[in-house]
Each structure stands twice: as structure tokens, then as C-alpha cells.
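K.L.:
Numbering (my numbering), first residue to last: -3 to 210.
Just so it is clear, CB atoms sit at the ideal spot from N, CA and C, and this is done for glycine as well.
Just so you know, these numbers come straight off a predicted model, no measurement behind them.
For reference, the structure I am asking about is given below.
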Amino acid sequence: MSSYDWGLHDPVPGPQTRLWDEADHEHDLMSTRLFGFWLYMLSDSLIFAALFTAYEVLTFPMSFAGGPTPRDVASPIYGYAETIVLFTSVLAYGMVMVNLKKERTRPAMAWLALSLAIGLGFIGMEYHELHDVALAGGPPQRSGFLSIFWAIVVVHGVHLAIGLLWMVVMLVQIARQGFTQLVTYRLANLKVYWLYQGLIWTFVYTFVYLRGSI
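See the structure below:
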């Protein structure tokens, strides 16, 4: 079988073989596989761009409708704690890829489980935050500002939940199949997805938490 025959159950190439080697047609095979996923990420960026634009419009005083203001619902200290938690999860996933490169199945699964657990902790922090906002008289239907605040946080949280579910699926697939080429591609896509969620959170923290506290 050719070294460029990327079968569904072929073992991951050895240390002397690069996943990003070029074939005779001079196309990067890994990049070709990831290109469609990058297009999806681009479309996802448009969704968040629209949400942040709406947030800028709905932070004028008239949008508060006498309800809570950005200072009332966005705690920069709590948001900073959330940032540390999420970035720790991203770092843990980075160790998954390090162990993938070294073909270490068990350490990769351990780091993936750790990234999953930390990500669940972040989701729990977001739930606690929104629960407190709702109890303080800030449900999404209260005002235009609260609607967009909830929309940004919840949409980002849903993306994170999808990523965490993806991690569970990958844990099962690694345990059953090992580092096949298909599993490797999925782990690489998940890496891009998880890093992207960390990047989006930096914008959420900057626009919603830091600017909201000013």
C-alpha cells in the first residue's frame, strides 16, 4: 500500500513519516482534508461577527429598558477565571496532539479526558453565571441588551458543548481503533475547533466583560 493511501483503518505513520508530506501532485494531503473544515469555521466566524455587531448596537442606554446594565451582569474577575479555565482546557488538548505525534495512545487519552473535564468545568461556570443573572432580574426577555448578552454567551456555550461531545466520541474511537488515519484527521479538526472556541472567548471577554465593566 502506498504511503499516501489514506485508508480508514491504517495505523498512524511512524516517526519518520510526516502527516503533512506532499504527494506527487504536490498538494498537502492533511491541509486538503482540513480545508472543508476551515470553510465551516469561516462561516461560524460570520455568526459571531453578527452577534458582536448586534451587541455594539444594543449597549446604548435605551436598550437597557430600565433593567440591568453591562456593569451589572458582566464581572471581569469572574470572566477572567473562566478564561483561565478554558485556556487550560485548550492547553491540555495541545498535549493530546503532542502525544498523537509520538504515538502514545494512553497519555493522549488521559490528556483528552482532562481537557474534557476542564471544559465541563467551564460550562458549569457559565451556567452558574447565567443562573445568577436570571435570579437578579436579568432574563433575556427583559431588554434588548440582555437578549444579546444571553445570545452571545449561550451560542458560545453551545459550541463548547458540541466540542465536549466530540471529545467523548474521540475517546471512544481512540480506545477502539487507536490512531487510524480517520481518527487522526478528526483529532486535527477538533484541535482547530477547540482553539477557535478559545479565540472566540477572548473576544467575548474583551467586548462583554472588560468593556462592559467600564
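#1: What is the C-beta distance between Ala70 and Val154, in whole angstroms, given that I count them as a contact (C-beta under 8 Å)?
#2: Pick from Leu35, Asp40, Leu108 and Leu30: whose alpha carbon is nearest that of Gln193?
#3: Helix or strand or just coil, what does DSSP make of Ala19?
#4: Would you call His152 buried or exposed, if buried means 16 or more other Cβ atoms sit within 10 Å of its Cβ?
#5: Return helix, strand or coil for Gly194, following the three-state DSSP convention.
#6: Using 8 Å as the Cβ pair cut-off and three pairs as the minimum, do the stretch 184 to 193 and the stretch 130 to 148 touch?
#7: For His124 and Glu52, what's the separation of their Cα atoms in angstroms?
#8: In whole angstroms, what is the alpha-carbon distance linking Val200 and Ile148?
#9: Specify the secondary structure class of Thr176 as computed by DSSP and reduced to three states.
#10: Leaving aside the five residues before and after Ala157 along the sequence, list all residues of the same chain whose C-beta is less than 7 Å from its C-beta, in chain order.
#11: Going by the CB atoms, is the gap between Val92 and Trp107 shorter than 7 Å?
#12: Pair every Cβ in the stretch 157 to 177 with every Cβ in the stretch 73 to 82, then say whether three or more of these pairs are closer than 8 Å.
#13: Would a C-beta distance cut-off of 7 Å place Pro72 and Leu206 closer than the cut-off?
#14: Quick one: what's got a C-beta closer than 7 Å to Thr198's C-beta in the same chain, skipping five residues either side?
#15: Helix, strand or coil, according to DSSP, for Thr202 in the structure here?
#16: From Pro64 to Thr202, what does the alpha carbon distance come to, in whole angstroms?
#17: Within 10 angstroms of the Cβ of Leu216, are there 16 or more other Cβ atoms? Answer buried if so, exposed if not.
#18: Leaving out five residues on either side along the sequence, give the residues of the same chain with a beta carbon under 6 Å from the beta carbon of Ala61.
#19: Tell me the residue span of the alpha helix (DSSP H) that contains Leu131.
#20: Can you tell me whether DSSP reads Lys98 as helix, strand or coil?
#21: For Gly208, count the other beta carbons within 10 Å of its own beta carbon; 16 or more makes it buried, fewer makes it exposed. Which is it?
P.N.:
Walking through what the data contain:
#1: About 19 Å; that fails the 8 Å criterion.
#2: Asp40
#3: Interpretation of Ala19 is limited by its pLDDT of 48, a score under 50 that renders its predicted location unreliable; the figure taken from the coordinates is listed afterwards. The answer is coil: DSSP assigns Ala19 none of H, G, I, E or B.
#4: buried
#5: helix
#6: no
#7: 25 Å
#8: 8 Å
#9: strand
#10: Ile119
#11: yes
#12: no
#13: yes
#14: none
#15: helix
#16: 19 Å
#17: Residue 216 lies beyond the stretch modelled for the chain, which goes from -3 to 210, so this question has no answer here.
#18: Ser139
#19: Thr101 to Leu131
#20: coil
#21: buried
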